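Residues in the sequence shown are numbered consecutively from 88, following the working numbering.
For glycine and all other residues, C-beta sits at the position ideal for the given N, C-alpha and C.
What you are looking at is a predicted structure, and each value in this text was computed from that prediction instead of being measured.
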Amino acid sequence: MAPTKNDTGMVVAVKKLNSESMHGFEEWQALCRGYPTKFASYFHYCRSQRFEDAPDYQYLKNLFRDLFIREGFQFDYVFDWTILKYQQA
88 MAPTKNDTGM
98 VVAVKKLNSE
108 SMHGFEEWQA
118 LCRGYPTKFA
128 SYFHYCRSQR
138 FEDAPDYQYL
148 KNLFRDLFIR
158 EGFQFDYVFD
168 WTILKYQQA
């Protein structure tokens with residue numbers, strides 16, 4: 088079905104939205120290149136949220152928690168800023 092004259096504005100808007108979305112996606116990919124894909128997933132999730140949406144903090148926390156475990160890190164309660172604080176003292 089061909090778009091009617093009234094639909095053409097909507098078609099243009101959708102095409103523009105799709106190209107803007109892809110441009111943003113390419114920026115995330117470039118920003119996250121060389122890092123685990125969880126970072127791109129995080130940015131994609133955050134950018135896709137609407138203003139009125141409530142973030143799923145558990146989902147976001149688990150993204151990085153799972154990555155932390157997969158990379159073999161241990162939660163030892165030692166943070167970069169803690170180390171710096173004691174080195175300066």
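Grouping DSSP H, G and I as helix and E and B as strand, with all else coil, what is residue i?
i    : result
R134 : helix
D167 : helix
F155 : helix
Q145 : helix
F162 : coil
From residue i to residue j, what does the alpha carbon distance come to, in whole angstroms?
i    : j    : result
S128 : W115 : 9 Å
Q174 : D167 : 11 Å
A141 : H131 : 15 Å
G121 : F138 : 30 Å
A117 : I170 : 31 Å
I156 : C119 : 20 Å
C133 : E113 : 15 Å
C123 : E158 : Before going on, a small fix: residue 123 reads as Pro here, not Cys. Approximately 10 Å, taken between the alpha carbons.
Between residue i and residue j, is the Cβ-Cβ spacing less than 9 Å?
i    : j    : result
K125 : D143 : no
Could you check if residue i belongs to the surroundings of the ligand NAP, using beta carbon to heavy atom distance under 8 Å?
i    : result
D167 : Among the components of this structure there are no ligands whatsoever, and the ligand NAP is therefore not found.
How about the segment 135 to 149 and the segment 161 to 168: do they share at least three Cβ pairs that are nearer than 8 Å?
no
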